[in-house]
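Participant: Each protein sequence line maps, in turn, to chains B and R.
Position 224, counted from 1, in the first sequence is what my numbering calls 224; the numbers after and before it change by one each time, with no gaps.
Position 60, counted from 1, in the second sequence is what my numbering calls 1060; the numbers after and before it change by one each time, with no gaps.
Note that CB positions come from ideal geometry on N, CA and C, so glycine has one too.
None of these values were measured; they are calculated from a predicted model.
First, the structure itself, so that you have it in front of you.
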Amino acid sequence: MRTSLRLVLGAAGALLLSAAAVCAPKASTAPADGKGVAHPSIWPKYRYPVPRDPAVEANIADLLKRMTLEEKIGQLVQADLCCVKPEDVKKYHLGSILVGGNSGPNGNDFAPAPDWLKAADEFYLASVDKSDGGVGIPVIWGIDAVHGHANIIGATVFPHNIGLGAMGDPALIEKIGAATAQEVRVTGQEWTFAPTVTVPQDYRWGRAYEGYSSDPKLVASYVGAMIRGLQGPPDKPNLLARDKIIASTKHFLADGGTRNGVDQGDAQISEQQLRDIHGLPYGPAIENGVATVMVSFSSWQGRKMTGNKSLISGVLKQRMGFGGFVVTDWNAHGQVEGCTNDSCPQALMAGIDMYMAPDSWKPVWNDLLKRAKAGEIPMSRIDDAVSRILRVKFRLGVFTAGKPSSRPLAGQWNLLGSPAHRAIARQAVRESLVLLKNDGVLPLKASGRLLVAGEGMDDVSRQSGGWTISWQGTGLNNTMFPGSTTLWQGLKQAMTARGGSAELSPDGSFTHKPDAAVVVFGEKPYAEFQGDRATLALDADLAGPYATMKKLKAAGIPVVAVMITGRPLEVNPAPGRGRRAWRTARSFRSATASPTSRRESHGRSLRRSPAMPATRGSISPTACRRRAGRWCWATSTGPTRSASPPFPPTPSPAGRMSLPPTPRCRKARGA
Amino acid sequence: MQEGARRVEVSGGGAALAVSGHDPLDLGRETNAEVLVLFTLKLDKAPASASVGLRCDGTGCGVRVPVTLPANGKFIRYGMPLKCLALKGADMSKVTAPFIFETTGPADYSLAEVRLGTDAEQVLPCN
């Protein structure tokens, strides 16, 4: 909002300025016929490997006969912890609850681990309470364990997906999935909204770091491993009797294909591109028996995915054979043409089985019930959706598992951030480091004197990014990451252990000339649209360390530049073109650190990851060419993405009173 | 921060400071996501009354939420939930002025920053 607004001071009455701009209103109707309608016959078929157990099917049929309409509608609705109490789950028979990134038990996002397990018990016990004569279907709890169980203080935080993509190591992915599942089970949840299998095509998108790669083949090569790690093999039921949870691949479809990388925007691409780029990872997801799929906020060809029957029912369920259930994103149904947050039968009719209705669950529940009673929604669709949800719950084993605290692994607090899991995380961090250039300074001499400058080098939250404890990964301090190691701490340990020394100096000043300097810089944490940017450049207020590098270089000190970021950014303004290590992920709890030894600086970590942009413009998938064999990236040359960016410079510093006029009717982007 | 801030002294009566633009902004996505209007304010002399408001495109489209802010001479990043403004009836799909700070009576304050975000130091109640 900062780029298109100005500050006006005046007497109160003068403020009711008439709004002069006349922009085209946002389309709230479905596009013309043919647009945004898929043709399932051109999509691949897959085999969903989860066996159908006749005994389970008989149970489901029996339950469907005994459930009231209210109980059935309840299964289709998921409420957020912000806005639901255990007694609501009992009264409305809710099928699921979730915690969004900013929610936690008792209204406390930072609640200690035992509180989460206690809350899980309370909601479970309310759901199976049959005192009102109901069938008592156990509730399941979903959580964004997208890079480890990172909502929970003390859990192991793994690199975000862009960093994992840079590893090129599917075997390690399965271990990360298994460790994450175990930690989720400690606090009593059963379902993670992961893995994200997006294939981001424009890294200005604020969620780009949630994607393994812009190359659909690489993403597809990871998906099966992550799902096996989380869920176990598809033919092995009763996940809760073991150390597994159910997964969710998201966001179906083309969340990473929106125009200009605008979060929740519109993918203006052909059906073939939709299938071949964004659809590819859903093959291995289905073939490994993913239990749930989350549908995207975004649109395809002007039509919101959450209401797109041709893709959800036609392609995903019927053509691809997906046998689990489909859930929406956070109130995404409210964006469907003709819908509001409180009412959207269109989503159910399109093939959605469960509404993620965090704060709107009660009106959604009432609306669905009213429409079902009026015959506006066929019972066959309701029964199908309920059956799909029950089938997943039987596979999970939640009917026989007892309350969450009584299940295997529950309350084993030592598993949260256990040494074994941290070792996996550290390996992932090492493998995800990307060395851009080394003209001889690396490896550093550990016996020397090292200066560590820049910003964010002693701040775990800067290393961890969004979706860490809080939604945006902001408002945190190092004490909320027990057992973690900052970059500074890791460097200091590595230097002193080998007889050298390290000095922390954010502005790069020193009294004794160091043998070398590490200057850390990069992005601050962000999530979703809050991370959307107009250009692939660092925000102006984050470019301070460039001057520090320049100063150190001028003093004849070899400089290692370490960029912590959620996406590739232009680095040309960074002086000292000598060495630039770039870390693709911002995840690195216990990330010790940079290559101080030859062992760590070689091997996989030397592989080049997504190409660095040469300009601030976007990456054009059509102009894509292969670089370094693996990642498909190139800077684009199109007229709207020229080397001279078509956007105004990064937002003005705080407190600036007037901003330059901007073109009228330019699409507003997230702040 | 102080260097970038702007100080406003009001001698009396009703006064207001607004961040506004020509093009209506669709803040529906931000509202759904529990985002807040953040403003970093230092109050040296508290007004008789104050409110945080928003204006949207259309006749009479706008809301104000009364706030009580202490004059403590410190910059504080306050947050007004967009959801509160929506609850009061604002049309968040066409916002023309996402931040309006109104006061009555003599006041002396400095404003350092206005933006959307989630990292408020103090979330204001939806009065």
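Going by DSSP, what residue range makes up the beta strand (DSSP E) through A1050 (chain R)?
Facilitator: A1050 (chain R) -> beta strand (DSSP E) spans S1049 to C1056.
Participant: Could you tell me whether any Cβ in chain B is nearer than 8 angstroms to the Cβ of T1068 (chain R)?
Facilitator: So no, T1068 (chain R) is outside the interface.
Participant: Identify the continuous beta strand (DSSP E) that holds W141 (chain B) and give its terminal residues.
Facilitator: Where W141 (chain B) is concerned, the enclosing beta strand (DSSP E) stretches over I140 to I143.
Participant: Near L677 (chain B), what residues of its chain come up, given a Cβ to Cβ distance below 8 angstroms and the 5 sequence neighbours on each side ignored?
Facilitator: Outside the displayed span of chain B (1 to 671) sits residue 677 (chain B), for which this structure offers no information.
Participant: Taking its Cβ as the centre, do 16 or more other Cβ atoms sit within 10 Å of R1115 (chain R), making it buried, or is it exposed?
Facilitator: Buried, by the Cβ-count rule.
Participant: Please report the distance separating the alpha-carbon of A113 (chain B) from that of L409 (chain B).
Facilitator: Answer to the nearest angstrom: the Cα atoms are 13 angstroms apart.
Participant: Drop a sphere of 10 angstroms on the beta-carbon of L69 (chain B), count the other beta-carbons inside from all chains shown, and report buried for 16 or more, exposed for fewer.
Facilitator: The residue in question, L69 (chain B), is exposed, as its Cβ has fewer than 16 Cβ neighbours within 10 Å.
Participant: On the CB-based measure, 16 or more other CB atoms within 10 Å of its CB, does K175 (chain B) come out buried or exposed?
Facilitator: Buried, because 16 or more other Cβ atoms sit within 10 Å of the Cβ of K175 (chain B).
Participant: Using a threshold of 8 angstroms, state whether the C-beta atoms of V223 (chain B) and G211 (chain B) are closer than that.
Facilitator: Contact: no.
Participant: Nearest to D121 (chain B) by CA position, among B:R407, B:V157 and B:V441, is which residue?
Facilitator: Cα-wise, what sits closest to D121 (chain B) is B:R407.
Participant: Buried or exposed: I73 (chain B), going by 16 or more other Cβ atoms within 10 Å of its Cβ?
Facilitator: Looking at its Cβ environment, which holds 16 or more other Cβ atoms inside 10 Å, I73 (chain B) is buried.
Participant: Here's the rule I'm using: 16 or more other beta-carbon atoms within 10 Å means buried, otherwise exposed. How should N674 (chain B) be labelled?
Facilitator: Since the displayed chain B opens at 1 and closes at 671, residue 674 (chain B) lies outside it and no answer follows.
Participant: State yes or no: is the beta carbon of E523 (chain B) nearer than 8 angstroms to at least one beta carbon in chain R?
Facilitator: Taking Cβ atoms only, chain R never reaches closer than 8 angstroms to E523 (chain B), which makes this a no.
Participant: Give me, in chain order, the residues of the same chain whose beta-carbon lies closer than 6 angstroms to that of E1121 (chain R); leave out the 5 immediate sequence neighbours on both sides.
Facilitator: I1076 and R1077, listed in sequence order.
Participant: Here's the rule: buried if 16 or more other CB atoms are within 10 angstroms of the residue's CB, otherwise exposed. What is A179 (chain B)?
Facilitator: Counting Cβ neighbours within 10 Å, A179 (chain B) comes out buried, since at least 16 surround it.
Participant: Find out if the Cβ-Cβ distance for the pair G566 (chain B), H278 (chain B) is shorter than 8 angstroms.
Facilitator: Contact: no.
Participant: Taking the Cβ atom as the reference point for each residue, do V452 (chain B) and L491 (chain B) lie within a distance shorter than 8 angstroms?
Facilitator: Yes; because the gap between Cβ atoms is below 8 angstroms, this pair is in contact.
Participant: Would you grab the beta carbon distance between G232 (chain B) and R242 (chain B) for me? Rounded to a whole angstrom, and I think it's under 8 angstroms.
Facilitator: Sure, about 6 angstroms apart at Cβ, within 8 angstroms.
Participant: Please report the Cβ distance between G100 (chain B) and W471 (chain B), rounded to the nearest whole angstrom; I am assuming they are in contact, meaning their Cβ atoms lie under 8 angstroms.
Facilitator: Yes, they are in contact, since the Cβ atoms of G100 (chain B) and W471 (chain B) sit about 7 angstroms apart, within 8 angstroms.
Participant: Based on Cα-Cα distance, which residue from B:P558, B:T468 and B:L487 lies nearest to D458 (chain B)?
Facilitator: When only C-alpha atoms are compared, the closest one is B:L487.
Participant: Please compile the residues from chain R whose C-beta is within a distance smaller than 7 angstroms of the C-beta of G411 (chain B).
Facilitator: Under the 7 angstroms cutoff, chain R gives no residues; its nearest Cβ is about 30 angstroms from G411 (chain B).
Participant: Below 8 angstroms between beta carbons: does that hold for D342 (chain B) and V364 (chain B)?
Facilitator: Closer than 8 angstroms, so yes.
Participant: Would R1029 (chain R) count as contacting chain B if we go by Cβ distances under 8 angstroms?
Facilitator: Chain B contact via Cβ: present.
Participant: Mind checking which residues open and close the beta strand (DSSP E) that includes H251 (chain B)?
Facilitator: Taken as a continuous stretch (DSSP letters only), the beta strand (DSSP E) holding H251 (chain B) covers S248 to F252.
Participant: Kindly indicate if chain R contains any beta-carbon less than 8 angstroms away from that of S642 (chain B).
Facilitator: Its pLDDT being 24, under 50, S642 (chain B) is placed unreliably in this model, and the coordinates cannot settle the point.
Participant: My parser needs the alpha helix (DSSP H) runs of 4 or more residues fully inside the region 480–558 of chain B; what are they?
Facilitator: With a minimum length of 4 residues, the continuous alpha helix (DSSP H) runs that stay inside the region 480–558 of chain B are 487–497 and 544–554.
Participant: Under 9 angstroms between beta-carbons, which chain D residues line up against E337 (chain B)? List them in chain order, please.
Facilitator: Absent here is chain D; the protein component of the structure consists of chains B and R.
Participant: Under 8 angstroms by Cβ, that's how I've got V1037 (chain R) and L1082 (chain R) pegged, so tell me the actual separation to the nearest angstrom.
Facilitator: Their Cβ separation, rounded to whole angstroms, is 7 angstroms, which keeps V1037 (chain R) and L1082 (chain R) in contact under 8 angstroms.
Participant: So, are the CB atoms of A516 (chain B) and L450 (chain B) less than 8 angstroms apart?
Facilitator: Yes, they are a contact pair.
Participant: I'd like to confirm the pairing. Which residues does DSSP put opposite T1059 (chain R) in its beta bridges?
Facilitator: According to DSSP, which records beta bridges pairwise, T1059 (chain R) is partnered with nothing at all.
Participant: Compute the Euclidean distance between the alpha carbons of D683 (chain B) and K403 (chain B), then round it to the nearest angstrom.
Facilitator: The first residue shown for chain B is 1 and the last is 671, placing residue 683 (chain B) beyond what the model contains.
Participant: Of all the CB atoms in chain R, is at least one closer than 8 angstroms to the CB of E528 (chain B)?
Facilitator: Yes, E528 (chain B) lies at the interface with chain R (some Cβ there is under 8 angstroms from its Cβ).
Participant: Distance check for S461 (chain B) and W467 (chain B), CA to CA, integer angstroms please.
Facilitator: Computed Cα separation, rounded: 10 angstroms.
Participant: Which residues does DSSP list as the beta-bridge partners of L415 (chain B)?
Facilitator: None, per the DSSP bridge assignment.
Participant: Is the number of C-beta pairs between the region 239–254 of chain B and the region 300–320 of chain B that are closer than 8 angstroms three or more?
Facilitator: Touching, per the Cβ criterion.
Participant: With a threshold of 6 angstroms on Cβ separation, who are the neighbours of P639 (chain B) within its own chain once the five nearest residues in sequence on each side are excluded?
Facilitator: Low confidence applies to P639 (chain B): its pLDDT is 23, below 50, so where it sits in the model is not reliable, and the reading given next is rough at best. Hits under 6 angstroms: none found.
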